[in-house]
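Note sheet for the following structure.
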Amino acid sequence: MLGNRSSPIGLPLMNRTPHWAFFKIGDGYGGHTHVLALFDRSQSSGYRGIDAATSTILNLEKAP
0 MLGNRSSPIG
10 LPLMNRTPHW
20 AFFKIGDGYG
30 GHTHVLALFD
40 RSQSSGYRGI
50 DAATSTILNL
60 EKAP
């Protein structure tokens, strides 16, 4: 996925495993960092694939 720890989405990679990744969006308030966390649920029971009608992934693409 990210062999050299570079970010394909242009955000600094904070940490990752084969099933999740945390990216830094920016410095937060009071020492709390703003993060984007992505989770791979494809191996979860009941997983039925991505549905564009109910997925929040498309909201990231539409952000200004």
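At position 34 of the sequence shown the residue is numbered 33 (numbering that gives the first Met the number 0), and the sequence of numbers has no breaks. Built from N, CA and C at the ideal position, the CB exists for glycine as well. The structure displayed is predicted, hence computed values, not measured ones.
L37 carries a strand assignment under DSSP once its states are collapsed to helix, strand and coil. In the three-state scheme derived from DSSP, where H, G and I count as helix and E and B as strand, G25 is classed as strand. In this structure, DSSP gives A51 a state outside helix and strand, which the three-state scheme calls coil. In terms of Cα proximity to F21, the closest of G27, L12, S43, S54 is L12.
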